[in-house]
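Q: Start counting at 1 in the sequence shown, then tack on 3, and there's your number in the working numbering.
Please see the structure below; I have some questions.
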Amino acid sequence: MRLRYLNLSSNAFKGEIPANLSYCLDIQVIRLAYNNLVGKIPEELSSLSTNKLKGFSVSVNGLTGSIPRWLGNASSLLDLFMSRNYFQGTIPSELGRLLNLERFQIGTNNLSGEVPPSIYNISSLQFLGLAGNQFYGKFPQDIGFTLPNLFGLYVSHNQFTGHLPISLSNISGLRDVNFGFCHFTGTMPTNLGSLKGLEKLSVAENQLETDEAEGFSFLTSLTNCSNLQTLWGPDRYYSVNGVVKLKWVVKKGSPIPPTICNFSVFGPELFEGNMEQGRGIHE
4 MRLRYLNLSS NAFKGEIPAN LSYCLDIQVI RLAYNNLVGK IPEELSSLST
54 NKLKGFSVSV NGLTGSIPRW LGNASSLLDL FMSRNYFQGT IPSELGRLLN
104 LERFQIGTNN LSGEVPPSIY NISSLQFLGL AGNQFYGKFP QDIGFTLPNL
154 FGLYVSHNQF TGHLPISLSN ISGLRDVNFG FCHFTGTMPT NLGSLKGLEK
204 LSVAENQLET DEAEGFSFLT SLTNCSNLQT LWGPDRYYSV NGVVKLKWVV
254 KKGSPIPPTI CNFSVFGPEL FEGNMEQGRG IHE
């Protein structure tokens, strides 16, 4: 019987990933997350980049080196989890060829450079986690059209610039969005209220503008998001209207607006000055 599914996650394994895994030519899923693995991903594993490999997870280890380019040849790959390691360099443009990829988590590494445009064109993506790196460049304004199936988008703690994409409102299934701790400018899109399933939104610690005269109309639009539970930032806001079932409001740098009483609040804490930053999912 040939090995097709290998799950060794959440153990105390140490050392390097065995190169002889490359002999498992029929393997479809490799899960090695939450261990103490070190070193580079063996180049020998490139023999697995066929149309059989569907899941590859090495998150939460001590792996180093660069992201292997050969992963771009795994045309059937659905899940690619590589977060919370020490990978360096850039995201290989070859990964943009993974046209069946649904979940891509590469957050909390030492990666840098611009994200290849081809990554933003993988229309099958449901979760994209880029947080906690040194990525820079303007964030694509058409992401709402190129990634219509997203439910989670985590790009916080990077060097992204430009405006927040208005096209986000086209991603009807979007639930979690984290743009915090970057260098975004401009105003908040007021059409976010069309995201009926939105649960968490963070835009904290950017250079976003607020307009007191208009009473920060984007907050008014959020009253249509009946599932919204967490709002972190922007760092100054002035008016809250309507009823939103918030569990958390995280804000810094300004007084609590009196109109906050119009919120219908569910949950033990309304205000927290220091909420643990969300870095997405790791598997």
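Note that beta-carbon positions come from the ideal geometry of N, C-alpha and C, so glycine has one too.
Which of the three DSSP states is assigned to Thr233 in this structure?
A: Residue state, collapsed to three classes: strand.
Q: Quick check on this structure: which residue in Lys17, Ile20, Tyr26 has the alpha carbon closest to the alpha carbon of Arg7?
A: Among Lys17, Ile20, Tyr26, the Cα nearest to that of Arg7 belongs to Tyr26.
Q: Using three-state DSSP, classify Leu131 as helix, strand or coil.
A: strand
Q: In the structure shown, what three-state DSSP assignment does Ser69 receive?
A: Taken through DSSP and simplified to helix, strand or coil, Ser69 comes out as strand.
Q: Tell me which same chain residues have a C-beta within less than 6 angstroms of the C-beta of Leu35, skipping the five on either side of it?
A: Leu11, Val61
Q: So the beta strand (DSSP E) Ser60 belongs to, where does it begin and stop?
A: 58 to 60
Q: CB of Ser115 to nearest heavy atom of the ligand FMN: below 6 angstroms?
A: The ligand FMN is not part of this structure, which contains no ligands at all.
Q: Can you tell me whether Ser13 is buried or exposed? The criterion is at least 16 other CB atoms within 10 Å of its CB, across all chains shown.
A: exposed
Q: Does the separation of the CB atoms of Asn230 and Glu202 fall below 7 angstroms?
A: yes
Q: Would you list the one or two residues that DSSP bridges to His186?
A: Thr164
Q: If I follow the unbroken beta strand (DSSP E) through Ile169, where does it start and stop?
A: It is not in any beta strand (DSSP E) - Ile169 carries neither H nor E in the DSSP assignment.
Q: Quick check: Glu105 and Leu133, are their CB atoms within less than 7 angstroms of each other?
A: No.
Q: For a minimum of 3 consecutive residues, which ranges assigned as the beta strand (DSSP E) are wholly contained in the segment 187 to 212?
A: 203 to 205
Q: For Asn3, collect the residues of the same chain with a Cβ closer than 6 angstroms to its Cβ; drop the 5 residues on either side in sequence, then sort them by chain order.
A: In the structure as shown, the chain begins at 4 and stops at 286. Residue 3 is therefore absent and cannot be evaluated.
Q: Please report the straight-line C-alpha distance between Pro151 and Ala22, rounded to a whole angstrom.
A: 37 angstroms
Q: For Asn194, which option in Ser224, Thr53, Asn209 has the closest C-alpha, if you only look at C-alpha atoms?
A: Ser224
Q: How about Gly65 and Val41: do their beta carbons lie closer than 7 angstroms?
A: yes
Q: Go through its chain and collect everything with a Cβ distance to Glu47's Cβ below 6 angstroms, but skip five positions before and after it.
A: Ala22, Ser25
Q: Can you list the alpha helix (DSSP H) stretches of 4 or more residues lying completely in the segment 85 to 156, in chain order?
A: Annotation note: the segment 85 to 156 contains the following uninterrupted alpha helix (DSSP H) runs of length 4 or greater, listed N- to C-terminal: 146 to 149.
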